[in-house]
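Asker: Here it is, the structure, as structure tokens.
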Amino acid sequence: EKSGFKHFMLKEIYEQPKAVGDTIRGLMSSGEEPPFSLKSFRRILIIACGTSYHAGLVGKFWIEKLAGVPTEVVYASEFRYGDFPVGEEDLIIGVSQSGETIDTKFAVNFARERGARTLSIVNVVGSSIDRESDYTLHTHAGPEIGVAATKTFTAQLAALYFLASTEHPDRYKLLEELFKVPARIERTLEKSEAIEKLADRYMNRRDFLYLGRYLSYPIALEGALKLKEISYIHAEGYPAGEMKHGPIALIDEKMPVVVLAPQDRVYDKTLANIEEVKTRKGKVIGVGFEGDDKLEKLCNEFIGVPPIEEDFTPFLTVVPLQLLAYHIASKLGLDVDQPRNLAKTVTVE
Ligand code: F6R
């Protein structure tokens, strides 16, 4: 049931405050604490595909910051055929909305057979990855119908933050902050109309670049993935600092560049990257904090999200990117919920 929304995807974007809130509450009330300490591992490997991989990239920063354990994020399909030394000293975190993605399932099982502990983050209770890993943290996003993952992504972020903070001395303070996220997502959703107008102006472009640093880098990747999978417009996500090592050659007056610039530790560096784009006449669509006049003046277009502590910025900055992709695809008259060539669950290699 689309409950008045034109597409499931839009409905699911709007369900994010609830998905995140339910996930935090679900994990806290069920006492779902992993039966081992993150700090007891030599290394953590996060294994996932697609959007879940992007959640993993954000999770890596949180785990390294809050738990201090070196963490790598690997595409499940690459892990399978690589020679990753993995064993008892490793914790494997499999992230999968469906819990059925074949590459992720194989990778997690491969690691478990070699003695690693396995923890998975899944949305579908009773799915293969849920059943086959040593321990599961469930996201409580509810069923996701649209092929493009939206609410399950922000719910995965909530579960990863919850996990990263388990052993932190200020855990309760951190979780209190996390509980503020759903209301801020709600406020971010109010930007939908403005983003729809933006979509009108940019829907006929052929290529988009998405840039971000640190926690915003995985969000740039995710924004680009959302746009390409439902609108079929070519889009690339890049760490903003890498731009000058190649992609800058693509920039001209026809290239919209979406830049994530919340006021975090890399804010000044990101502003410098925006200047570089502008010098090449690229059109900058900036996503940053409401009231950031300096950023707004620098950009051709500006979307403000409510200010929030650095750690939580990905929960908010991803929302305008989901909406931008949605409105562009919807205006192009495409089958948003069922894009060509894609399946919701990928059970082939
Ligand atoms: C993107 C998307 C896919 C999935 C990927 C992994 O919107 O939906 O990239 O994220 O196929 O799926 P799960 O999380 O079910 O393992």
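Numbering (full-length UniProt numbering), first residue to last: 244 to 592. Don't be surprised by glycine CBs; every beta carbon is placed ideally from N, CA and C.
#1: What are the start and end residues of each continuous beta strand (DSSP E) run of 3 or more residues lying completely inside the segment 460-526, in chain order?
#2: Taking 7 Å as the cut-off, does the CB of Thr-382 come closer than this to any heavy atom belonging to the ligand F6R?
#3: Fully enclosed by the segment 419-444, which alpha helix (DSSP H) runs are 4 residues long or longer?
#4: Which value, in whole angstroms, describes the spacing of the CA atoms of Asp-346 and Ile-428?
#5: How about Val-589: is its Cβ closer than 7 Å to a heavy atom in the ligand F6R?
#6: Ignore the nearest five residues each way along the sequence and tell me which others in Pro-550's own chain have a CB closer than 6 Å to its CB.
#7: Considering only their Cβ atoms, is the gap separating Ala-442 from Ser-567 smaller than 8 Å?
#8: Between the alpha carbons of Ser-408 and Lys-540, how many angstroms are there, rounded?
#9: By the DSSP assignment, the beta strand (DSSP E) with Gly-299 in it spans what residues?
#10: Please determine whether the Cβ atom of Ala-401 lies at a distance below 7 Å from any heavy atom of the ligand F6R.
#11: Grab me the residues of His-477's own chain with a C-beta within less than 6 Å of its C-beta, minus the 5 sequence neighbours each way, in chain order.
#12: When you compare only the Cα positions, how much space is there between Glu-518 and Ser-459?
#13: Opposite Ser-363 in the DSSP bridges: which residues?
#14: By a C-beta neighbour count over all protein chains shown, 10 Å radius and 16 as the cutoff for buried, is Ser-283 buried or exposed?
#15: Check whether the segment 349-363 and the segment 375-392 touch, using three or more Cβ-Cβ pairs below 8 Å as the test.
#16: By how many angstroms is the C-alpha of Tyr-415 removed from the C-alpha of Met-498?
#17: For the beta strand (DSSP E) containing Glu-315, list its first residue and its last residue.
#18: Thinking Gly-562 and Thr-431 are a contact (beta carbons under 8 Å), I'd like their distance in whole angstroms, please.
#19: Distance check for Ala-483 and Glu-496, CA to CA, integer angstroms please.
#20: Is Ala-392 close to the ligand F6R? I mean its beta-carbon at under 7 Å from any heavy atom of the ligand.
#21: Please classify Ala-354 as buried or exposed, where buried requires at least 16 neighbouring CB atoms within 10 angstroms.
#22: Is DSSP giving Leu-452 helix, strand or coil here?
#23: Using only alpha-carbon positions, find the residue among Ser-341, Pro-386 and Ser-339 that is nearest to Lys-261.
#24: Using only the heavy atoms of the ligand F6R, determine whether one of them is closer than 7 Å to the beta carbon of Leu-468.
#25: Kindly identify the DSSP beta-bridge partner or partners of Glu-544.
#26: Note down, in chain order, each residue of its chain lying with its Cβ closer than 7 Å to the Cβ of Leu-253, except the 5 sequence neighbours on either side.
#27: Three or more C-beta pairs closer than 8 Å, one from the segment 416-426 and one from the segment 572-589: is that the case here?
#28: Cβ atoms of Ala-359 and Ile-336: under 8 Å apart, would you say?
#29: Our contact map puts Ala-298 next to Phe-322 with C-beta atoms below 8 Å; I'd like the distance itself, whole angstroms only.
#30: Would you say the beta carbon of Thr-347 is closer than 7 Å to some non-hydrogen atom of the ligand F6R?
#31: Tell me the DSSP bridge mates of Arg-286?
#32: Hey, could you find the ends of the alpha helix (DSSP H) Phe-555 is sitting in?
#33: Quick check: Val-527 and Val-520, are their CB atoms within less than 8 Å of each other?
#34: With DSSP as the reference, label Arg-352 as helix, strand or coil.
Answerer: This is what the structure holds:
#1: Complete beta strand (DSSP E) runs here, min 3: 477-482 and 499-503.
#2: Position 139 of the sequence shown, counting from 1, holds the residue named residue 382. Not one heavy atom of the ligand F6R is found less than 7 Å from the C-beta of Thr-382.
#3: List check, alpha helix (DSSP H) in window: 424-432.
#4: As a first step, residue 346 must be located in the sequence shown, where it is residue number 103. As a first step, residue 428 must be located in the sequence shown, where it is residue number 185. Taken atom to atom, the span from the alpha-carbon of Asp-346 to that of Ile-428 is near 32 Å.
#5: Reading the sequence shown from its first residue, position 346 is the one you call residue 589. Taking non-hydrogen atoms of the ligand F6R into account, the C-beta of Val-589 is found less than 7 Å away from one of them.
#6: As a position in the sequence shown, residue 550 is number 307, starting the count at 1. Around Pro-550: Phe-532.
#7: Indexing the sequence shown from 1 puts residue 567 at position 324. Indexing the sequence shown from 1 puts residue 442 at position 199. Note on identity: in this sequence residue 567 is Leu, with Ser being the wrong assignment. Their beta carbons are under 8 Å apart, which means Leu-567 touches Ala-442 by this criterion.
#8: In the sequence shown, residue 408 corresponds to position 165, counting from 1. In the sequence shown, residue 540 corresponds to position 297, counting from 1. Those two C-alpha atoms are separated by around 37 Å.
#9: Looking up residue 299 in the sequence shown gives position 56. Unbroken run through Gly-299 is the alpha helix (DSSP H), 293-309; no beta strand (DSSP E).
#10: Within the sequence shown, numbered from 1, the residue matching residue 401 stands at position 158. Result no, Cβ not under 7 Å from the ligand F6R.
#11: Taking the sequence shown and counting its residues from 1, one reaches residue 477 at position 234. Correct list, in chain order: Asp-450.
#12: Reading the sequence shown from its first residue, position 275 is the one you call residue 518. Reading the sequence shown from its first residue, position 216 is the one you call residue 459. C-alpha separation (whole angstroms): 18 Å.
#13: Position 120 of the sequence shown, counting from 1, holds the residue named residue 363. Answer is Gly-337 and Thr-379, bridged to Ser-363.
#14: For the purposes of this step, residue 283 is identified with residue 40 of the sequence shown, where counting begins at 1. Its Cβ having fewer than 16 others within 10 Å, Ser-283 is exposed.
#15: Counting Cβ pairs under 8 Å, three or more are found: they touch.
#16: For the purposes of this step, residue 498 is taken as the residue at position 255 of the sequence shown. For the purposes of this step, residue 415 is taken as the residue at position 172 of the sequence shown. One Cα belongs to Met-498, the other to Tyr-415, and the distance between them is close to 44 Å.
#17: Within the sequence shown, residue 315 is the residue found at index 72, counting from 1. Run containing Glu-315: 314-318, per the beta strand (DSSP E) assignment.
#18: Here residue 562 refers to the residue found at position 319 when the sequence shown is read from its first residue. Here residue 431 refers to the residue found at position 188 when the sequence shown is read from its first residue. What sits at residue 562 in the sequence shown is Val, not Gly. Correct: roughly 4 Å between the Cβ atoms.
#19: Taking the sequence shown and counting its residues from 1, one reaches residue 496 at position 253. Taking the sequence shown and counting its residues from 1, one reaches residue 483 at position 240. Going by the C-alpha atoms only, they are around 18 Å apart.
#20: Within the sequence shown, numbered from 1, the residue matching residue 392 stands at position 149. Yes - the ligand F6R has a heavy atom lying nearer than 7 Å to the Cβ of Ala-392.
#21: The residue labelled residue 354 in the question sits at position 111 within the sequence shown. Classification of Ala-354: buried, given that the 10 Å Cβ count is 16 or more.
#22: Here residue 452 refers to the residue found at position 209 when the sequence shown is read from its first residue. Note: Leu-452 maps to strand in three-state DSSP.
#23: Translated into the one-based positions of the sequence shown, residue 261 becomes position 18. For the set Ser-341, Pro-386 and Ser-339, the Cα lying nearest the Cα of Lys-261 is the one of Pro-386.
#24: Within the sequence shown, residue 468 is the residue found at index 225, counting from 1. Yes.
#25: The sequence position of residue 544 within the sequence shown is 301, counting from 1. Looking at the DSSP assignment, Glu-544 forms a beta bridge with Ile-528.
#26: To locate residue 253, count along the sequence shown from 1; it is residue 10. Once the five neighbours on either side are set aside, the close Cβ partners of Leu-253 are Tyr-569.
#27: Short answer: they don't touch.
#28: Position 93 of the sequence shown, counted from the first residue, corresponds to residue 336. Position 116 of the sequence shown, counted from the first residue, corresponds to residue 359. Cβ distance not < 8 Å, so Ile-336 and Ala-359 don't count as in contact.
#29: In the sequence shown, counting from the first residue as 1, residue 298 sits at position 55. In the sequence shown, counting from the first residue as 1, residue 322 sits at position 79. Not quite, the Cβ-Cβ distance comes to about 16 Å (not below 8 Å), so this is no contact.
#30: Looking up residue 347 in the sequence shown gives position 104. Set against 7 Å, the gap from the CB of Thr-347 to the closest heavy atom of the ligand F6R is smaller.
#31: Counting from one through the sequence shown, the residue named residue 286 turns up at place 43. Its beta-bridge partners are Asp-333.
#32: The residue labelled residue 555 in the question sits at position 312 within the sequence shown. It is not in any alpha helix (DSSP H) - Phe-555 carries neither H nor E in the DSSP assignment.
#33: By one-based count along the sequence shown, residue 527 stands at place 284. By one-based count along the sequence shown, residue 520 stands at place 277. Yes; because the gap between Cβ atoms is below 8 Å, this pair is in contact.
#34: For this step, residue 352 is matched to residue 109 along the sequence shown. In the sequence under discussion, the amino acid at residue 352 is Asn, which differs from the Arg named in the question. If DSSP states are grouped into helix, strand and coil, Asn-352 belongs with the helices.
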